[in-house]
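Numbering (this note's numbering), first residue to last: 1 to 435. Here is the structure we will look at, set down as structure tokens.
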């Protein structure tokens, strides 16, 4: 999928443009320069064409750690991007910070489009010609606030993207995701039974995601190895902060994600962040605790780990846990059965009559709470999609659905139907409302 990166000095309207492109308020928008520090990712679709969007922190001159960190984040985003939108403020003269960004983008050798924002009326659009002095061929004048000039810019972004085609691929695609240096490449090698990936103790060894088809019990599967990051000088020394985009791309292409965690290091926030991306993408998930050969008192430690995972990963109680040593290949054989199981459940459909019976009984046991004298009524339920399973509820008023009751219904569905390893989506719509 094409990736578009927004860069520029602070307060030029990058975050506003980002939110407009992805159709939601995801970036923080304030008049204070430097609000967006870390990269923020989103996805945009226009006329059947989809692309990734990255918002970055504002770049400016300065030596403090905050500005250095923003520069590092932006350099990584630029490295991963196919197109860069260089956003400048059309109400101001070009500054030394603008030229700093220009020089950085010139070195990147990437396609750069200058976006002159804050041209809030059509007469000001003529001012775009002043910005050709930055040295880039393509310059677009826009106003995010008043939605002026956006259509030509978006058409420029999507002009080389093919419309989405539905391609049926029955093979299960498995992505191996996780922090750098947790043993992902070693696990891939152990699963394939050969030295397919490069294995090294240096974080970031694997330069690109690699797809490998293999057979297991006579069936074909595709393994996506996302083990590393491209290293570029000192930019990627702290690679844990910069693995998100590669993981995100691999997750999008997979059916089942195997999240690898280093048993010798424990669980950190980044592990949970990556798991969260898999859940948001609607992918089935298996937790793989690697380097189990380094652990003593394995039986006792396994009990502790299960309790720890139950606490740290409360949002994925359905995910199965396997303890393996990719190095010694011990218990690696326990991984594929769980992956297959998760894929089977993610691909499954629940019989409508059985589903409605469960929902009726669940509602009878525990009615929805009333709100201002009104109570949620469920007329029927059915599954309309899989990967992940999506359950649609026809109700009297979807505004009466409380998150706690939604969680109750999900728990009831899981108690009655085996959906181990996969998230499920509950959708509520008013009776007669179109999907």
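Quick reminder that beta carbons are idealized off the backbone N, C-alpha and C, glycines included. Everything numeric in this text was worked out from a predicted model, so none of it was measured.
Taking the C-beta atoms as reference points, residue 7 is found no nearer than 8 Å to residue 51. Assignment of residue 262 by DSSP, reduced to helix, strand and coil, places it in the strand class. The beta carbon of residue 271 is closer than 6 Å to those of 261 in its chain, skipping five residues each way along the sequence. When the five nearest sequence neighbours on each side are left out, the beta carbons in the same chain lying within less than 7 Å of the beta carbon of residue 379 are those of 394, 395 and 431, in order along the chain. Per DSSP, the continuous alpha helix (DSSP H) segment holding residue 312 begins and ends at 298-312. DSSP places residue 378 within a strand segment (E or B) once states are collapsed to three.
Proximity to residue 174 across 108, 112 and 251 peaks at 251, based on C-alpha coordinates. Approximately 6 Å separates the beta-carbon atoms of residue 171 and residue 221; this is inside 8 Å, confirming the contact.
The beta carbon of residue 350 sits closer than 6 Å to those of 383 and 417, all from its chain and outside the five residues before and after it, given in chain order. Relative to the Cα of residue 355, the nearest Cα in the group 125, 224, 389 and 178 belongs to 389. By alpha-carbon distance to residue 193, the top candidate from 344, 326 and 132 is 326. Boundaries of the alpha helix (DSSP H) around residue 102: 96-108. Residue 258 has its alpha-carbon roughly 15 Å from the corresponding atom of residue 309. The closest CA to that of residue 312, considering only 137, 342, 407 and 269, is found on 269. The Cβ neighbour count for residue 133, taken over all protein chains shown within 10 Å, is under 16; the residue is labelled exposed.
Residue 292 is positioned such that its CB atom lies closer than 8 Å to that of residue 323. The straight-line gap separating the alpha-carbon atoms of residue 155 and residue 53 is approximately 15 Å.
Excluding residues up to 5 positions away in sequence, 387, 388, 423 and 425 lie with their Cβ nearer than 8 Å to the Cβ of residue 282 in the same chain. Per DSSP, reduced to three states, the secondary structure at residue 41 is strand.
In terms of CA proximity to residue 158, 44 leads the group 109, 178, 123 and 44. Taking 8 Å as the cut-off, the beta carbon of residue 149 is found closer than this to the beta carbon of residue 140. By the C-beta density criterion, residue 403 is exposed, having fewer than 16 other C-beta atoms within 10 angstroms. When secondary structure is reduced to three states using DSSP, residue 349 falls in the coil class, being assigned neither helix nor strand. Secondary structure of residue 117 (DSSP, three-state): strand.
According to the DSSP assignment, residue 89 belongs to the beta strand (DSSP E) that extends over 83-89.
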